[in-house]
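The structure under discussion appears below in the form of structure tokens.
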Amino acid sequence: MNSKYAVVIQWSDEDAAFVATVPSLPGCMTHGETYAEAATNADEAITLWLEGEANPPPPDTDRHYSGRILLRLPEVLHRSLDEGAARDGTSLNQYLSSLLALAQGARSGAEIAARTRRTLSAVPKRKAKAARG
Numbered sequence: 003m004n005s006k007y008a009v010v011i012q013w014s015d016e017d018a019a020f021v022a023t024v025p026s027l028p029g030c031m032t033h034g035e036t037y038a039e040a041a042t043n044a045d046e047a048i049t050l051w052l053e054g055e056a057n058p059p060p061p062d063t064d065r066h067y068s069g070r071i072l073l074r075l076p077e078v079l080h081r082s083l084d085e086g087a088a089r090d091g092t093s094l095n096q097y098l099s100s101l102l103a104l105a106q107g108a109r110s111g112a113e114i115a116a117r118t119r120r121t122l123s124a125v126p127k128r129k130a131k132a133a134r135g
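So for the sequence shown, my numbering puts the first residue at 3; every next one is plus one.
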């Protein structure tokens with residue numbers, strides 16, 4: 003796998019495939035029947051994308067994320083979220099992490115599906131390998 007650029011791989015119900023996107027390379031995406039196939043195809047897609055670029059963007063995997071953010075929000079929303087965490091029997095931190103992950107997945111999934119439909123025809127398809135018996 004090309005380790006210079008981060009790859010996001012998510013299942014798409016609409017496409018019935020794993021869809022791989024490279025956020026720092028606009029339009030660089032592919033898919034696969036399995037997660038592993040999508041990862042392999044992503045490496046090829048990155049290579050093809052970079053071949054056409056005289057000045058490729060700098061690698062994005064050098065970024066460091068601590069996993070900590072400071073978030074300011076209205077008191078009424080803070081209270082509502084805290085009550086939701088209590089109902090779920092979890093910490094406010096875990097509750098917020100779950101909500102953010104769900105929201106990001108839903109947004110990303112919709113965006114990925116829309117872009118995938120437009121670009122899948124441009125990605126060379128792999129021939130299915132014969133089943134081993």
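For every residue, glycine included, the Cβ atom is placed at its ideal position computed from N, Cα and C.
Quick one, which of the options has its alpha-carbon nearest residue i's?
i	options	result
T49	T36, V24 and R70	V24
E35	K6, N43 and S99	N43
E39	Q12, E55 and P61	Q12
D45	L98, K6, H80 and L79	K6
R70	L79, P59 and N95	N95
G54	S82, C30, L104 and E16	C30
Y37	S14, L75, D84 and G107	S14
For residue i, count neighbouring C-beta atoms within 10 Å of its own C-beta (all shown protein chains included) and say buried if the count is 16 or more, exposed if not.
i	result
T32	buried
V21	buried
A88	exposed
L102	exposed
A18	exposed
A47	buried
What are the start and end residues of the alpha helix (DSSP H) that includes residue i?
i	result
H80	E77 to D90
With DSSP as the reference, label residue i as helix, strand or coil.
i	result
T36	coil
A8	coil
S100	helix
G135	Since pLDDT at G135 reaches only 47, below the 50 mark, its modelled position is unreliable, and the value read off the structure follows with that caveat. In the structure shown, G135 sits in coil (DSSP, three-state: anything other than H, G, I, E or B).
Tell me where the beta strand (DSSP E) around residue i begins and ends.
i	result
A19	A19 to T23
Would you say residue i and residue j are within 8 Å of each other, going by their C-beta atoms?
i	j	result
L27	P59	yes
A41	V9	yes
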